[in-house]
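So the structure is just underneath, and the comments pick up after that.
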Amino acid sequence: MEKKSYTFDEIKQKLVNYCVYQDRCHAEVEQKMREFLLIDEAKEEIILFLLKENYLNEERFTRSYIRGKFYIKHWGKTKIKMNLKQKQISERLINSCFDEIDESDYEKTIRKIFDDYYTRQTGLKEYQKKTKTIKYLMSKGFEYEKIIDIFD
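Following this line, the structure appears as structure tokens:
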């Protein structure tokens, strides 16, 4: 099957649509650009255009990513941060955007996940249920200190 070739403007429009559909980070846009055989100057021009026209906005992406992963997927901050770093988002930006998560929502979520998971553990001793539940919460990206705070 032959790859269709696109003009520069068609590629630019495809990348605009890609960013409009959902917030993207630089790494995702660069990955998408690899589908088109563009010279570096063309890539740079498209990136600059997307930034200038606010189609590509790393802070907006980071904030919407944090909200989605916490409020929809119920991930903890550790897992969110790790995934954003894989997308080459700076630690400084990640940390400055964590205010998207309300602290009391964060604690309520930990408690709810803890209670739900804990009650599903049957036929185990008390300490085994607790250990298993703590491990589960940590696998969802919640910090050990925050999980332990529930018991105080």
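Going by our numbering, the residue at position 43 of the sequence shown is 1221; the numbering climbs one at a time, nothing skipped. Every residue gets a Cβ at the ideal spot worked out from N, C-alpha and C, and that includes glycine.
Rounded to whole angstroms, Ile1217 and Tyr1184 show a C-alpha spacing of 13 Å. About 6 Å separates the Cβ atoms of Thr1311 and Phe1292, confirming a contact at the 8 Å cut-off. Annotation for Trp1253: Lys1247, Lys1318 and Gly1319 place their beta carbon closer than 7 Å to its own, counting only its chain and skipping 5 residues before and after. With a cut-off of 8 Å on Cβ pairs, the stretch 1204 to 1213 is in contact with the stretch 1222 to 1229, counting three or more such pairs. Cβ neighbours of Phe1276 within its own chain (closer than 7 Å, five residues either side excluded): Ile1244 and Lys1255. For the pair Thr1300 and Thr1287, the Cα-to-Cα distance works out to about 22 Å.
Ranked by Cα distance from Ser1242, the options Ala1220, Val1194, Ser1268 and Ile1272 are led by Ile1272. The Cβ-Cβ distance between Tyr1295 and Tyr1314 falls below 9 Å. Here Tyr1249 is actually not in contact with Val1194; their C-beta atoms are around 27 Å apart, not less than 8 Å.
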